[in-house]
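Quick notes on the structure that follows.
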Amino acid sequence: MGNRKTVIITGASRGIGKATAELFSAKGWNVLINYSASDKEAFAILRNLQLKGSEVDLYKADVSNRRKVKQMVDYCLNKYGTIDVLINNAGVSKQSLFSEITVDEWNEILAVNLTGVFNCCQSVLPIMLKNKYGKIINVSSIWGMVGASCEVHYSAAKAGVIGLTKALAKELGPSNIQVNCVAPGIIETDMLSKLSFKELSDLKEATPLMKLGKPEDVANCILFLASEEANFITGQVVSPNGGFVI
Ligand code: NAP
């Protein structure tokens, strides 16, 4: 463990979170992989990274459950002694006409995508304030910047993440804690699984770089924001989106 830095990555059993966990592990970080349901995938990542000699561990917790989030943070502190970086990546999306969004669906999308960020940020705050050091990186979406038709709840939650990032950056700046946001464009993960071939090709066409993003494209941005090279950046939204939103 020694001088390694420690990161908690939420929603790291699949997609962008998984790629981010792999990248941080490859760079020598202690990585706590959070997830909520995909046991098989999470244990496969754990085994794979441990075989490579990485210091990683798993913690199953729904980020919308404050008590479990607090237990996860305590577990991380007991295991690694500190938390340098929190990456709030866990997210869920659903396509529905606005008129058909049920209250339960609205609450679930907000609970995971926005309240989850609130829960995790508040829970890591005491150690970051004590250290007078910390970086929080929140994963929003281009849809939080420009809005997506048939994803009003998701867009609202992701716009909320951007607002939370900016406000918290102002509040925590004097304590040397940076809070930034990554707002990916269309990235090839399970989240796109409900889109048709035609919808995916239309999205590709609408992207100036003429391709969809890979989870690694987002992981690289996150790693930069977590690095010492990004020490003067706070309250910002970095959008790896291939030019889809300019
Ligand atoms: P994904 O492949 O569906 O992965 C989502 C991850 O979040 C999984 O590891 C999942 O773990 C975890 N998760 C879901 N609900 C959770 C909860 N309540 N508590 C803890 N973990 C939870 O999605 P992705 O594309 O990688 O998305 C990652 C982030 O990027 C999300 O915030 C998403 O909104 C954002 N994003 C994605 C795209 C895109 O095009 N893919 C674009 C913009 C932004 P379990 O399966 O174990 O629950």
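The opening position of the sequence shown corresponds to residue 195 in my numbering, with each subsequent residue numbered one higher. All C-beta atoms, glycine included, are put in the ideal place defined by N, C-alpha and C.
Residue i versus residue j: straight-line alpha-carbon distance, rounded
i, j, result
"Ser207", "Leu226", "11 Å"
"Leu308", "Glu302", "10 Å"
"Thr428", "Asp268", "26 Å"
"Ser343", "Leu291", "8 Å"
"Lys262", "Ala361", "25 Å"
"Ala363", "Ile356", "11 Å"
"Val250", "Ala284", "18 Å"
"Gln372", "Leu366", "7 Å"
"Asn197", "Glu393", "46 Å"
"Met195", "Ser230", "Low confidence applies to Met195: its pLDDT is 48, below 50, so where it sits in the model is not reliable enough to give any reading."
"Lys352", "Gly338", "4 Å"
"Asn259", "Phe391", "36 Å"
"Asp233", "Asn224", "20 Å"
"Trp300", "Val306", "10 Å"
Nearest candidate by alpha-carbon position, reference residue i, set the options
i, options, result
"Thr276", "Val333, Ser317 and Lys352", "Ser317"
"Asn374", "Ser343, Val311, Ser390 and Gly341", "Val311"
"Val340", "Ser230, Val431, Ser387 and Val257", "Val431"
"Leu240", "Leu389, Leu252, Gly407 and Val279", "Leu252"
"Met322", "Gly222, Leu271 and Ser390", "Leu271"
"Thr204", "Val257, Leu243, Arg198 and Gly437", "Val257"
"Pro409", "Phe426, Lys212 and Lys199", "Lys212"
"Ala255", "Ala236, Val279 and Leu319", "Ala236"
"Ser334", "Glu382, Ser293, Asn313 and Ile281", "Ile281"
"Thr359", "Cys314, Trp223, Lys234 and Ser387", "Cys314"
"Lys388", "Ile210, Lys221, Ala350 and Gln289", "Gln289"
"Asn332", "Lys273, Gly354 and Glu294", "Gly354"
"Lys199", "Ala350, Lys273 and Pro320", "Lys273"
"Leu304", "Ala350, Gly209, Met266 and Ser293", "Ala350"
Cut-off 6 Å between Cβ atoms - residues of its own chain near residue i, not counting five sequence neighbours on either side
i, result
"Asn435", "Ile336 and Gly379"
"Leu217", "Ala413 and Leu417"
"Ala400", "none"
"Thr296", "none"
"Val279", "Val201, Lys329 and Ala420"
"Ser219", "Val225, Leu243, Ser248 and Val250"
Cutoff 8 Å; reference residue i; Cβ partners in own chain excluding five residues on either side
i, result
"Asp298", "none"
"Asn370", "Lys326, Tyr327 and Gly328"
Cβ shell of residue i (< 7 Å), same chain only, five flanking positions each side left out
i, result
"Ser287", "Glu345, Tyr348 and Met385"
"Met404", "Lys398"
"Cys415", "Val376, Val432 and Pro434"
"Phe438", "Ile336, Gly379, Ile380, Ala400 and Thr401"
"Gly222", "Arg198"
Beta-carbon separation (whole angstroms), residue i vs residue j, contact threshold 8 Å
i, j, result
"Thr214", "Ala413", "4 Å"
"Glu449", "Leu406", "Look at the range of the chain in this structure, 195 to 440, and you will see that residue 449 is not part of it."
Alpha helix (DSSP H) segments (min. 4 residues) lying fully within the stretch 329-366: 336-340 and 346-366
Alpha helix (DSSP H) runs contained entirely in the stretch 371-411, provided each spans 4 or more residues: 391-399
Could you give the uninterrupted runs of the alpha helix (DSSP H) lying entirely in the stretch 251-321, keeping only those of 4 residues or more? 260-274 and 297-304
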